[in-house]
Amino acid sequence: MIKINKRFFIYVIIIVIATRSLSILYSFLFIIIHEIAHLLVAICFKYKGYTIEIDILGARLHYKDIEDMSIKEDIIISLAGPIINIIMGLIFCLLSLYEEMIINYILGFFNLIPVIPLDGGRILKNLLTKRYLYKKANVITIYISMVIGVFFLVTAIILGIEFKFNISLLLISILIIYCSYREKRRIVYVVMGDLMKKREKFFKKGYIESIVVSISYNKSLLSVLTLIDKGKYTLFYILDDSMNVIKVISEEEVLKGVKEYGDITIKEYINLP
């Protein structure tokens, strides 16, 4: 399904008239092609239930079955958009169409920057997930995004003082910082949402991979929640101060405990009547 904002064409016409340039039209066209590349690769992996949303900020692709993707598939799908822009940039270079070449190179290489909400940020998080638990991989990605966002912001300010302000760089830096901060605030809620999607995935496929994490009973339920792996079912071995296993609880029990009792310790939770 393709959803186009009702005011999209009005905004584009106004921008074209104001700038007296068709570059904005080229940009939107190449952004849409970028998203279609993501879509085609996802279809090759037999994923369905997608929506391409087009508005004045560009185009975005939303997947219904995104939780079923493996890390490898997610990385390949994320790379598809930037790669198609780079290929198109090479083609336009050979055709001596330099304006179109520059637009595609910017879209391709810019989207590979490892920041939220770009493709590069998604790729980085997936690569980190291979080594770390989902929550830690997410946190590392967020801080890298913030550092790069602040770097862009400082660069934009310095350029503005020394030469003239680059509005695009300034807005991009603010967007990166804002998206990173928003992602940081919603990590726990994302993890809770992932638990529910994981359950749907289990009933759909009939199986799910699992991992085991050993944790002290002095830790809080909320801290346990953040240790849950995004794509695997997590079981927790609860250890006392002598490192004896006193109980085994599932991620479903952790979620239930947080919902019903809040952020109490594991010791308090397992001793509840």
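Going by numbering that gives the first Met the number 0, the letters in the sequence shown line up with residues 0 to 272, in that order. Ideal Cβ placement from N, Cα and C applies to all residues, glycine included.
- With contacts defined as CB atoms closer than 8 Å, phenylalanine 235 and valine 257 fail to qualify as a contacting pair.
- A distance below 8 Å separates the beta carbons of valine 40 and isoleucine 76.
- Taking the C-beta atoms as reference points, phenylalanine 151 is found no nearer than 8 Å to isoleucine 166.
- Taking the C-beta atoms as reference points, valine 253 is found nearer than 8 Å to valine 223.
- Here the alpha carbon of phenylalanine 202 sits roughly 20 Å from the alpha carbon of phenylalanine 44.
- Taking the Cα positions, valine 138 is about 27 Å away from isoleucine 105.
- Taking a 10 Å sphere around the C-beta of phenylalanine 29, we find 16 or more other C-beta atoms and assign the residue as buried.
- Looking at the DSSP output, serine 213 shares a beta bridge with Tyr236.
- Listed in chain order, the non-local C-beta contacts of threonine 140 below 7 Å within the same chain comprise Ile115, Gly120, Leu123, Lys124 and Leu127, local neighbours out to five positions each way being set aside.
- Distances from the CA of serine 144 to each of Leu168, Lys135, Cys178 and Thr154 were compared; the closest alpha carbon is that of Cys178.
- Its chain contains Gly80, Ile83, Asn84 and Leu106 as the residues whose beta carbon lies nearer than 7 Å to that of histidine 33, once the 5 sequence neighbours on both sides are disregarded; these appear in chain order.
- Contact between glycine 148 and isoleucine 175 is confirmed by a C-beta separation of about 3 Å, below the 8 Å threshold.
- For isoleucine 248, the uninterrupted beta strand (DSSP E) segment begins and ends at 244-249.
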